[in-house]
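Chains A and B supply the protein sequences, listed in that same order.
According to the working numbering, the first sequence is numbered sequentially starting from 9.
According to the working numbering, the second sequence is numbered sequentially starting from -19.
Glycine residues also receive a C-beta, built at the ideal position from the N, C-alpha and C atoms.
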Amino acid sequence: MRYSIFSLARNALSYHRKWPQAWRSPDPKPEYDAIIIGGGGHGLGTAYYLAKEHGMTNIAVLEKSWLGGGNTGRNTTIVRSNYELDGNALFYEKSMQLWEGLSQDLNYNVMFSQRGVLNLMHTDGAVDAAQRRGNALRLNGIDSEWWDQDKIRSRVPLLSVKNDGHFPVLGGLMQPRGGTARHDAVAWGFARGADMRGVDIIQNCEVTGIDVENGRVTGVQTSRGAIKTRKVGIAVAGHSSQVAAMAGLRLPIESHVLQAMVSEPLKPCLDTVITSGVAHMYISQSDKGELVFGGDLDFYNSYAQRGNFPRIEHVVASILFLFPTFSRLRLMRSWGGIMDMSMDGSPIIGKTPVEGLYLNGGWCYGGFKATPGSGWVFAHTMAEDRPHKLNELFTLDRFHKGYAIDERGGGPTPNAH
Amino acid sequence: MLLIKCPWCGERAETEFTYGGDATISRPDPETATDTEWLDHIYLRDNPMGPHDELWQHTSGCRQFVKVRRNVRTHEILETGAPGDTFAEIKE
Chain A
9 MRYSIFSLAR NALSYHRKWP QAWRSPDPKP EYDAIIIGGG GHGLGTAYYL AKEHGMTNIA
69 VLEKSWLGGG NTGRNTTIVR SNYELDGNAL FYEKSMQLWE GLSQDLNYNV MFSQRGVLNL
129 MHTDGAVDAA QRRGNALRLN GIDSEWWDQD KIRSRVPLLS VKNDGHFPVL GGLMQPRGGT
189 ARHDAVAWGF ARGADMRGVD IIQNCEVTGI DVENGRVTGV QTSRGAIKTR KVGIAVAGHS
249 SQVAAMAGLR LPIESHVLQA MVSEPLKPCL DTVITSGVAH MYISQSDKGE LVFGGDLDFY
309 NSYAQRGNFP RIEHVVASIL FLFPTFSRLR LMRSWGGIMD MSMDGSPIIG KTPVEGLYLN
369 GGWCYGGFKA TPGSGWVFAH TMAEDRPHKL NELFTLDRFH KGYAIDERGG GPTPNAH
Chain B
-19 MLLIKCPWCG ERAETEFTYG GDATISRPDP ETATDTEWLD HIYLRDNPMG PHDELWQHTS
41 GCRQFVKVRR NVRTHEILET GAPGDTFAEI KE
């Protein structure tokens, strides 16, 4: 059923008790043309674009728990495309363009709000680097504006912009088309769109093995039985190393925990996204009014989906340094997600040494913004058995070939990205 | 808060330490290592989900490196020792 003002009115008459389920819960078939492991945004997006753009509808998404229960439901919902390096820049911009039409395309409101993302700069060197980055973005056709202190004061009145202290706010690089989206709705919208096109979305189905014969994928073993297929796409974020190991691969990835948290809800007070590299923080206000924020990793390997208090204290201190007025708010919730930190800070989207096995991982902190673009290029890669031009540099073997895409210049130290 | 037992200083808070990463990878012999062995050493990790041997430096204490076996699913610290210590083999 298409969602519209008329379907809303019709269902209002029946007290909203007769809405059909947004997607089916089928039993797995014995064989599919392709299987995607991981029912988060990236896996569901891949299934959606495989069905929509490539006509592959006899496919399944296998999810070990519930849809969007991993990092899709744990991030701080920030969307931006202010990447500079070849390989990253046009890929993230493609994702941004998909975001801009996503609610209409999916007939599902992902509540994409282009409220802008402002990246604060605190030293003269950082100002120079940011302005150079802004120019590089504009040369790639990506929007970017330099905001000086006066503009920031007038547009973000709660932000403390003073010319004293160790790290004064000297200015910021703004991407006006950036913003936030409703993270769960992205997973649900893609799931519904894929399901409507015939994709089987199978929850509570954990993949326990990947069958490989003569260097080629032949199927997967799951908690709900064996399933045959010749194409398997891995989109499992923090557990990429475990799933890839089922096919004998060792990845350039470490899993780390990243925490995020929300304050109690407030009246609207912050209408853009503010980030600061120096203060290690990013903050926005959700539609419910909560301030949503986060900062650095806890810095040690973890699969625990929860972190420790020293990091929470550091993030909160960073927020209060820039927004002293938030000091009287109470913290409502905090949680952790498992980041698949790659060795250069950029994702891996492409083929693997095993024929028919494709990997989509290594997203570090940045997976949410890339969700539509990632699904779009990964679907192309799986359908055509070769990468799209937009992801041809995100190869698994780029590390061994010397083509790392290190946007931050952190080197092969996963927790530095 | 992780409490890490430094073999020299005793049990201390994680904020005194700096994480030093996977302790199981060791530098290949530069005389004999192939390019692939070097690249594997730099880039590839087992990234296990369970007990993980790792290095922490006691930067705000004695500045020594400490080898820690920690369950990365629960954050439970199972064993600590000097960097050269050999821990019992991890059972699957």
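query	result
Neighbour list for Leu24 (chain B) in chain A, Cβ cutoff strictly below 8 angstroms	Arg258, Leu259 and Pro260
Extent of the continuous alpha helix (DSSP H) to which Ala199 (chain A) belongs	His191 to Met204
Leu178 (chain A): first and last residue of the uninterrupted alpha helix (DSSP H) it sits in	It is not in any alpha helix (DSSP H) - Leu178 (chain A) carries neither H nor E in the DSSP assignment.
Ile57 (chain B), DSSP secondary structure in three states	strand
Span separating the alpha-carbon of Lys(-15) (chain B) from that of Phe(-3) (chain B)	11 angstroms
Contact belief for Ser103 (chain A) with Ser121 (chain A) at Cβ below 8 angstroms, rounded distance in angstroms	In fact, because the Cβ distance is near 16 angstroms, the residues do not count as touching under 8 angstroms.
Of the residues A:Tyr311, A:Asp279 and A:Ala287, the one placed nearest Gly297 (chain A), counting alpha carbons only	A:Asp279
Cβ neighbours of Gln229 (chain A) in the same chain (closer than 6 angstroms, five flanking residues each side left out)	Thr216 and Gly217
Test item: CB-CB of Pro184 (chain A) and Gly142 (chain A) under 9 angstroms	no
Best match in A:Pro260, A:Lys159 and A:Val164 for proximity to Ile357 (chain A) [C-alpha to C-alpha]	A:Pro260
Span separating the alpha-carbon of Gly374 (chain A) from that of His288 (chain A)	15 angstroms
Segments of 4+ residues assigned as alpha helix (DSSP H) that fall wholly inside the segment 235 to 323 of chain A	248 to 253
Euclidean distance between Cα positions of Met9 (chain A) and Pro28 (chain A)	8 angstroms
Neighbouring residues, chain A, relative to Arg53 (chain B) (Cβ below 7 angstroms)	Tyr311 and Ala312
Own chain residues within Cβ distance below 8 angstroms of Pro8 (chain B), not counting five before or after	Glu17, Trp18 and His21
Other residues of its chain near Gly344 (chain A): CB distance less than 6 angstroms, five sequence neighbours each side excluded	Val265, Gln267, Gln313, Arg314 and Gly315
The segment 319 to 334 of chain A in contact with the segment 234 to 252 of chain A per 3-pair CB rule at 8 angstroms	no
CB contact check: Tyr373 (chain A) to chain B, cutoff 9 angstroms	no
Candidates A:Asp393, A:Pro318 and A:Ile242: closest to Asp348 (chain A) by CA position	A:Ile242
Chain B within 9 angstroms of Gln250 (chain A), Cβ atoms only	yes
Collapsed DSSP secondary structure at Phe331 (chain A) in the structure displayed	coil
Residue nearest to Ala255 (chain A) in terms of C-alpha spacing, selected from A:Glu272, A:Gly383 and A:Asn222	A:Asn222
The segment 377 to 394 of chain A touching the segment 39 to 57 of chain A, judged by at least three CB pairs closer than 8 angstroms	yes
Identity of the residue in A:Asp208, A:Leu145, A:Arg224 and A:Glu262 nearest Asp430 (chain A) by Cα	There is simply no residue 430 (chain A) to check, as chain A begins at 9 and stops at 425 in what is shown.
Three-state secondary structure assigned by DSSP to Gln183 (chain A)	strand
Within chain A, partners of Leu58 (chain B) - CB distance below 9 angstroms	By Cβ distance, chain A contributes nothing, its closest Cβ being about 14 angstroms from Leu58 (chain B), past 9 angstroms.
Interface partners of Met351 (chain A) on chain B, CB under 7 angstroms	Tyr23
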